[in-house]
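Have a look at the structure below before the remarks.
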Amino acid sequence: MANIFTDSFFSKQMKKLRAELGLDDAKISEYKKIVQRRIEYVNDFDPEEGGEEKDWPGFEKHVFRDLLGYRIKDDFPYDYNVLRQKKIKKAGSGGGTGKADCTLGFYPGKNKNDDLVVVEFKAPDTKDLGDASDQLWNYMINHDSCKWGIVTNFNEIILFHRNLSKDKNQKFYFVVPDEIKDKKLSLSDDKELIKFLAVFRKDRMLDKGKSVTETMLELQGIEEKKIEKEFYAKYYKLRLDLFNEIAKHNPQYNKKEKNLLLLPRKS
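Set out below in C-alpha cells:
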C-alpha cells in the first residue's frame with residue numbers, strides 16, 4: 001500500500017510544520033508525555049478486562065482532546081467535535097442503515113450533520129484491521145459530507161481520504177509492531193509526532209471548506225509534478241547528449257533517426 005503523504009514531503013516540510021504548529025521543545029515534551037501514557041496503555045492492555053467500549057473514553061480524552069485539540073462532549077456539551085454512534089444510510093448490511101463508531105466534525109446545539117471524518121474502532125488486541133478498513137470505506141462513500149476516514153485499534157491509526165484509492169493510507173503507531181523493524185515509526189519519535197499533529201490536529205483537519213491537511217496534500221501533488229518535469233527534462237538532455245556522442249563517432253546516423261530517438265514521451 002502507498003502512503004498518502006510521502007516521507008520525502010514531510011522531510012522537506014518538517015521545519016515549516018514545526019513552526020506552523022507552534023511546537024517548541026517544551027510543547028513537544030508535553031505532547032510526548034501524553035504519547036507515553038498511550039504507549040503504557042497498549043503495553044498493559046488485558047483483553048479480559050478491556051475492549052472497545054471500555055477503552056474508548058481514554059482514547060477520546062488523551063488523543064482527540066489533549067493531543068489533537070478536539071472539543072469533546074464531556075467538556076463542551078453544546079458545541080463539540082467528537083460524536084459517538086453515527087447512523088449512516090445505505091452503509092449497513094444489505095444496504096440498510098449502518099452505524100459508525102464515531103465521527104469528527106462541528107456539532108453546535110442539535111446540529112449533528114457536519115460530519116467531516118468517520119472513525120471506526122476495533123478492540124486493542126485486533127491485529128489485522130483489513131476488514132475494519134473495508135467497513136470504514138463503506139461508511140465514507142455513503143456519507144456525502146465525509147472527507148476522511150480513520151480506523152484504529154487504539155494503537156495503530158490508519159487514515160484514508162475518500163478521493164484517493166483505498167490502497168492509499170497513512171499509518172501511525174504508539175507501539176510499533178514487532179514485525180516492523182523501524183521503531184522510529186512510533187509517535188514517541190519527534191518527527192513522527194510532528195507528522196501526526198500536522199495531519200490530524202483539529203485546526204488542520206476540520207474545515208467545511210478546504211482544510212489545511214487537504215491543502216498540504218495538494219501541495220505535495222504540485223511538488224511531485226514539478227519533480228517529474230525536472231526528471232524528464234534531465235532525462236531528455238541525457239538522451240540528446242548520448243546521441244550526439246554516438247553520432248560523432250557514427251556519421252551514418254541521420255537527422256531522422258535522431259528525431260525518432262528523441263520523440264517526447266506519451267502522457
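Residue numbers (the numbering used here): 1 to 267. Every residue, glycine too, gets a C-beta built ideally from N, C-alpha and C.
Just reading off the beta strand (DSSP E) that residue i is part of, what are its end residues?
i	result
A26	Counting along the chain, A26 falls outside any beta strand (DSSP E), though it belongs to the alpha helix (DSSP H) covering D25 to D44.
D115	D114 to F121
E156	E156 to H161
N153	That residue, N153, is in no beta strand (DSSP E); it is neither H nor E in DSSP.
K171	K168 to Y173
Mind checking whether residue i and residue j have CB atoms under 9 Å apart?
i	j	result
N163	A91	no
L67	Y31	yes
T97	V119	no
M216	F64	no
Residue i by DSSP, collapsed to three states: which one?
i	result
I227	At I227, the pLDDT of 49 sits below 50, so the modelled position is not reliable; the number obtained from the coordinates is stated separately. Three-state result, I227: helix.
Y78	coil
E179	coil
R84	strand
L68	coil
T213	helix
D207	coil
G95	helix
A233	Its pLDDT being 48, under 50, A233 is placed unreliably in this model, and the value from its coordinates should be taken loosely. Here A233 sits in helix by DSSP.
D7	helix
L104	strand
Pop quiz: residue i and residue j are said to be a contact at Cβ under 8 Å. What is the actual Cβ separation, rounded to whole angstroms?
i	j	result
K87	K99	5 Å
K166	F174	With 8 Å as the limit, K166 and F174 do not qualify as a contact, their Cβ atoms being about 24 Å apart.
E156	K171	6 Å
K183	N81	Between N81 and K183 the Cβ distance is about 32 Å, and since that is not below 8 Å, they are no contact.
Which value, in whole angstroms, describes the spacing of the CA atoms of residue i and residue j?
i	j	result
Q36	W148	26 Å
F154	I222	33 Å
E230	M205	With a pLDDT of 48 at E230, under the threshold of 50, the predicted position of this residue should be treated as unreliable, though the coordinate-derived value follows. Approximately 31 Å, taken between the alpha carbons.
E179	G109	46 Å
S8	A2	13 Å
I324	L136	The structure shown does not extend to residue 324, since the chain is modelled only from 1 to 267, so the question has no answer here.
A270	L185	Missing from the structure shown is residue 270; the chain here goes from 1 to 267 and no further.
Considering residue i, what are the terminal residues of the alpha helix (DSSP H) in which it resides?
i	result
I141	G130 to I141
L193	D190 to F200
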